Amino acid sequence: MNDVTAIGVLTSGGDAPGMNAAVRAVVRTAVSMGIKCFGIRRGYNGLIEGDIFQMNVRDVNDIIHRGGTVLYTARSPFFKTEEGMNAAIKNCKKYGINGIVVIGGDGSFRGARDLSEHGIPCVGIPGTIDNDIASTDYTIGFDTAMNTAMEMVDKLRDTAQSHERCSVVEVMGRHAGWLALETGIAVGAAAILVPEVHFDVDRDIVNKIVLTHQSGKKHFIVVVAEGVGNVQSLAEKIEERTGIETRATVLGHVQRGGCPTVRDREMASCMGSYAVNLLSKGIGNRVVGYRDGKLVDYDIFEALNMTKNFNLEKYYMANVISI
Ligand code: ADP
Ligand code: F6P
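Note that the sequence shown covers residues 132 to 454 in the working numbering.
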């Protein structure tokens with residue numbers, strides 16, 4: 132592999148708080164090594180359309196604390212086509228980009244794998260509020276999203292308590308229950324529903340609410356991961372079968388915004404720097420991860436073939452302490 136002289140950085144897929152801190156670290160690490168750095172706007176779309184601009188250390192001032200991504204983000208179906216890939220490669224050549232840091236989820240990593248296969252070494256950084264990437268214990272944005280969800284559910288609890296109601300809350304997580312699990316534990320949910328674990332409405336929710344109601348509990352929080360299904364119809368079932376007034380709330384995109392927490396800023400900064408260090412040594416086709424308390428990197432193919440086992444032990448523990 133040739134020496135890396137210019138790297139690009141892009142954010143792709145759903146945004147996540149902390150992405151800006153990662154961009155900042157990438158730019159500053161690269162420039163401090165004498166490597167040119169280019170920002171690529173709107174994920175792979177910017178690579179295809181040539182929406183690319185040079186970034187210097189002062190261009191990333193004042194972004195470490197900001198949610199969202201200053202580079203914008205997008206989903207780019209066209210990038211998956213041969214035509215899209217060719218346009219992306221052409222622009223890499225035009226700008227002399229010979230390494231790219233891709234900040235996003237596993238879809239974005241698939242794009243990074245394809246680019247690497249086409250001769251542009253890429254390093255992926257996990258950025259998604261879902262924490263659903265198998266090659267890492269932690270993804271940038273997860274901590275901020277958990278804290279936002281917890282804060283929102285605390286507010287719902289106030290009104291559920293006043294009205295002696297049950298509040299059914301949907302949190303994000305396309306196919307994953309990590310956000311629901313951690314938030315559910317933090318808010319003391321009576322039940323947590325995730326796509327990874329089969330549940331029965333009567334056995335796991337209705338009976339539990341009835342029993343705890345009999346023992347003196349007056350209001351209830353049920354946290355449901357987005358991937359589980361419709362919270363409105365679940366709320367109706369709960370109300371009908373328990374006789375307790377029930378309301379459904381979908382937290383939605385509020386969970387993707389806001390100032391990143393310490394953990395997200397710190398993790399993003401370290402991962403950004405780590406990614407550039409790999410590229411600077413001529414190492415591409417890797418993803419950065421956080422495993423057993425330290426930063427690691429894996430081959431992208433290997434990373435994409437890993438599976439992430441849901442933390443059942445924690446899930447069942449949450450069930451025990453919610454009586
Ligand atoms: P995330 O990165 O958050 O998982 P997506 O799954 O939407 O988000 O993927 C983001 C972008 O990555 C897609 O719009 C597409 O450009 C690219 N991408 C996703 N899947 C693939 C794939 N199988 N092959 C190549 N590129 C992909
Ligand atoms: O992957 C992150 C995520 O926020 C998921 O939790 C959610 O299902 C999805 O993105 C929503 O995507 P969009 O921004 O396209 O509505």
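We put the beta carbon where it would ideally sit given N, CA and C, even for glycine.
Computed from a predicted model, the values in this text were never measured in an experiment.
Residue i, buried or exposed, once every other Cβ within 10 Å from all chains shown has been counted against 16
i, result
"Trp309", "buried"
"Glu166", "A small correction: the amino acid at residue 166 is Ile; Glu does not occupy that position in the sequence shown. Buried: at least 16 other Cβ atoms inside 10 Å."
"Pro208", "exposed"
"Val393", "exposed"
"Ile454", "exposed"
"Asp274", "buried"
"Gly242", "buried"
"Glu301", "buried"
"Met132", "Interpretation of Met132 is limited by its pLDDT of 48, a score under 50 that renders its predicted location unreliable; no figure is taken from the coordinates."
"Phe240", "buried"
"Ala449", "buried"
"Val325", "buried"
"Asp261", "buried"
"Tyr175", "buried"
"Gln386", "buried"
"Leu287", "buried"
"Asp122", "Because the chain here runs from 132 to 454, residue 122 falls outside it and cannot be looked at."
"Asp193", "exposed"
"Leu443", "exposed"
"Arg417", "buried"
"Ile183", "buried"
"Leu202", "buried"
"Gly413", "exposed"
"Leu428", "Correcting the residue identity first, residue 428 is Asp in this sequence and not Leu. Its Cβ being crowded by 16 or more others within 10 Å, Asp428 is buried."
"Ser247", "buried"
"Glu327", "buried"
"Gly127", "Nothing can be reported for residue 127, as the shown portion of the chain is limited to 132 through 454."
"Gly304", "buried"
"Val362", "buried"
"Phe432", "exposed"
"Gly360", "exposed"
Beta-bridge partners of residue i, as assigned by DSSP
i, result
"Arg510", "Residue coverage of the chain in this structure runs from 132 to 454, which leaves residue 510 outside it and unanswerable."
"Cys253", "Ile231"
"Leu202", "Its beta-bridge partners do not exist; DSSP assigns none."
"Tyr429", "Val418"
"Cys223", "Partner(s): none; Cys223 has no beta bridge."
"Cys168", "Ile138"
"Gln185", "Phe169"
"Ala356", "Val302"
"Phe351", "Cys297"
"Leu324", "Val355"
"Gly258", "Ile271"
Among the options, nearest to residue i - alpha-carbon criterion
i, options, result
"Arg206", "Arg173, Phe184, Phe351", "Arg173"
"Ile171", "Val135, Thr204, Pro252, Ile194", "Thr204"
"Ala356", "Glu376, Met277, Gly388, Gly413", "Met277"
"Gly177", "Cys401, His350, Met216", "Met216"
"Leu435", "Gly255, Ile323, Asp333", "Gly255"
"Ala137", "Tyr226, Thr438, Val328, Asp285", "Tyr226"
"Phe441", "Ala311, Asn361, Lys368, Met398", "Ala311"
"Val135", "Asp182, Asn416, Gly230, Glu213", "Gly230"
"Val232", "Ala147, Lys221, Arg244", "Arg244"
"Met150", "Gly236, Gly374, Asp331, Asn361", "Gly236"
"Asn338", "Gly304, Met164, Gly374", "Gly374"
"Ser332", "Asp428, Ser364, Ala219", "The question names Ser, but residue 332 in the sequence shown is Val. Nearest C-alpha to Val332: Ser364."
"Thr160", "Arg422, Ser411, Lys425", "Ser411"
"His459", "Glu433, Ile220, Tyr269, Lys224", "Nothing can be reported for residue 459: it is not among the residues displayed for the chain, which extend from 132 to 454."
"Asp459", "Ala152, Gly181, Ala218", "This structure gives no information on residue 459, because the portion of the chain shown stretches from 132 to 454."
"Tyr446", "His344, Leu246, Glu313", "Glu313"
"His306", "His196, Gly358, Thr142", "Gly358"
"Tyr405", "Pro391, Lys425, Gly388", "Lys425"
"Gly258", "Ser293, Asn408, Ser143", "Ser143"
"Asn187", "Val451, Val140, Glu433", "Val140"
"Pro391", "Cys168, Gly304, Thr200, Ser163", "Thr200"
"Val407", "Ile251, Val162, Val284, Cys223", "Val162"
"Cys168", "Met303, Cys223, Ala218", "Cys223"
"Glu214", "Ile431, Glu180, Ser293", "Glu180"
"Asp423", "Glu433, Tyr269, Ala291, Thr343", "Tyr269"
"His344", "Phe330, Gln292, Gly388, Gly389", "Gln292"
Closer than 7 Å: residue i CB and nearest ligand 4 heavy atom
i, result
"Ile179", "Questions concerning ligand 4 fall outside what the structure shown contains, since the ligands it does hold are ligand 1 and ligand 2."
CB contact below 8 Å: residue i versus chain D
i, result
"Gly199", "Of the chains in the structure shown, none is chain D; there is only one protein chain."
Who sits around ligand 2, taking every residue whose Cβ is closer than 6 Å to one of its heavy atoms?
My final list is Gly145, Gly236, Thr259, Ile260, Asp261, Met303, Gly304, Arg305, Glu357, Arg387.
Could you tell me whether the region 268–288 touches the region 371–388, using the rule of 3 or more Cβ pairs below 8 Å?
Segments in contact, yes.
Are the region 314–323 and the region 343–357 touching by the rule of at least three beta carbon pairs closer than 8 Å?
A contact exists between the region 314–323 and the region 343–357.
How do the region 365–374 and the region 288–302 stand: do at least 3 beta-carbon pairs fall below 8 Å, yes or no?
Counting C-beta pairs with one atom in each stretch, the region 365–374 and the region 288–302 have three or more that are closer than 8 Å, which means they touch.
Taking contact to mean 3 or more Cβ pairs, one atom from each stretch, closer than 8 Å, check whether the region 150–169 and the region 394–403 are in contact.
Pairwise C-beta distances place the region 150–169 in contact with the region 394–403, as three or more of them are shorter than 8 Å.
Taking contact to mean 3 or more Cβ pairs, one atom from each stretch, closer than 8 Å, check whether the region 264–271 and the region 424–439 are in contact.
Flag = yes, the region 264–271 and the region 424–439 touch.
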